[in-house]
Structures are given as C-alpha cells and as structure tokens.
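**Student:**
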Amino acid sequence: MEELIDAIVHEYLVYIEPLVYLIEKVEESAKSGVELSKSDIEDLYEEASSSAYNIFPLRALLSSVKNTDMGKSDTPGLQFIHRVINENVLGILKDNMAKAAARLMKECSAGNGSPFKIAEAVKLASHAVCIELTRIKDLNSGFLPDADLKELWDRFSCGNEFAQLDLDQAF
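Numbered per this note's numbering, the sequence shown finishes at 345, counting up by one with no gaps.
1) Please name the residue, chosen from ILE259, LYS280, PRO319 and ASN262, that lies closest to ILE215 on a Cα-to-Cα basis.
2) Using alpha carbons as the reference points, say which of ARG277, SER224, CYS282 and LYS212 lies closest to VAL188.
3) Taking only runs that begin and end inside the stretch 253 to 308, name each unbroken alpha helix (DSSP H) of 4 or more residues, in chain order.
4) Between the alpha carbons of VAL194 and SER300, how many angstroms are there, rounded?
5) Count the other CB atoms, across all protein chains shown, that sit within 10 Å of the CB of MET271; report buried if there are 16 or more and exposed otherwise.
6) Between the Cα of GLU185 and the Cα atoms of PRO319, GLY333 and PHE330, which residue gives the shortest distance?
7) Quick check on DSSP: helix, strand or coil for GLY207?
8) I believe ALA295 touches ARG277 by the beta-carbon criterion, under 8 Å. Please report the beta-carbon distance rounded to the nearest angstrom.
9) How far does the alpha helix (DSSP H) with ASP322 in it reach, from first residue to last?
10) Please return the same chain residues whose Cβ sits closer than 6 Å to the Cβ of LYS199, not counting the five positions on each side in sequence.
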C-alpha cells in the first residue's frame, strides 16, 4: 500500500512540477526585465515536461489492487487510494495543469502582456497548483501525503481559501 501511495504522489509531482518550473522562470524573467518569446516559454515548459518521467509503474500497481481490496477501505491509506482511482484524480490533475500552463504561456509571451498582466497570470497559475494540492489534501483526510507536496504548499502559500473554491470552475 505504501508503494502505491508513493507512486500516486510521484505522479502528482510529475504533473505539477512543469507548471511550477514555468512559474519560476516567468517570475525570474519579469524581475530581470527580460521578455520571453512564445517559443522561449514553450521551450521552458517542454524542457520541464520532458525531464519529468514516471519511474513508478503506477498502472501496474493500480491493476494489482483487487476490487475486493478496495472494498475493505477501512484504513486511511486505502481510502485515499480508492478515492484517487474512483474519482479519476490523476486525469483531472493532468488536464488542469496543462490548461494552467497553456494560459500562463499565452499571457506571458513577449508582447502579450504588461507586467501587471504577467503578475496576474503567475498568480492564477500559482492558484492552480494550490487547488490541486488542496484536492489531494482533501482526499487524504486533510493531510498532504509527502514532504515534497508540503514544500510546494508552503512555497505557494496555499491556505484554506483554496478549499472553498469550486475546483472545476478554476479552469
């Protein structure tokens, strides 16, 4: 069970980290006064996405979990796994991170936005990260199941206000 939770967390990080990297690069660029072209931003995102690879055989692990095992979801860990599988959380996460990255790339391409618009786009992308961290926290009885996820929560100053958002309306 612990291996499966680790694989789910890793998959979360694989989908979140490219957007986090893009946010950091856009912020660095804005601080230094350098405008990024559309191709620069796309290259940064592609670079971050290609370096994120899945070392855990999540699909194999998920298929090894029997439905009868999921019916005995009496432990918090099994309940978490059951909810992630049944609610298609990883598919939703992947789609939401791709939408947030596309929106950030569009708003931050050279000539598209003022410093204010770029700052607002970074804020929206950061909110997208927090929304997804809130989702996994809610699925896991109010706790983030990994130190890397907790670090992202702190880095992006996620808080209770994200729990009040309609996660589907954020995108």
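C-beta atoms are modelled at their ideal positions from N, C-alpha and C, and glycine is treated no differently.
**Tutor:** According to the data block:
1) Counting from 1 along the sequence shown, the entry for residue 215 is found at position 41. Cα-wise, what sits closest to ILE215 is LYS280.
2) For the purposes of this step, residue 188 is identified with residue 14 of the sequence shown, where counting begins at 1. Considering only alpha carbons, the answer is SER224.
3) 263 to 282
4) By 1-based counting over the sequence shown, the position of residue 194 is 20. By 1-based counting over the sequence shown, the position of residue 300 is 126. Looking at the two C-alpha atoms, the distance is approximately 8 Å.
5) Taking the first residue of the sequence shown as position 1, residue 271 is located at position 97. Flag for MET271 reads buried.
6) The residue labelled residue 185 in the question sits at position 11 within the sequence shown. Closest option to GLU185, Cα to Cα, is PRO319.
7) Residue 207 sits at position 33 when you count from the first residue of the sequence shown. In this structure, GLY207 counts as coil in the three-state DSSP scheme.
8) Indexing the sequence shown from 1 puts residue 295 at position 121. Indexing the sequence shown from 1 puts residue 277 at position 103. About 7 Å; that satisfies the 8 Å criterion.
9) Within the sequence shown, numbered from 1, the residue matching residue 322 stands at position 148. First-last of the alpha helix (DSSP H) with ASP322: 321 to 329.
10) Here the question's residue 199 lines up with position 25 in the sequence shown. Same-chain partners within the cutoff: LEU218.
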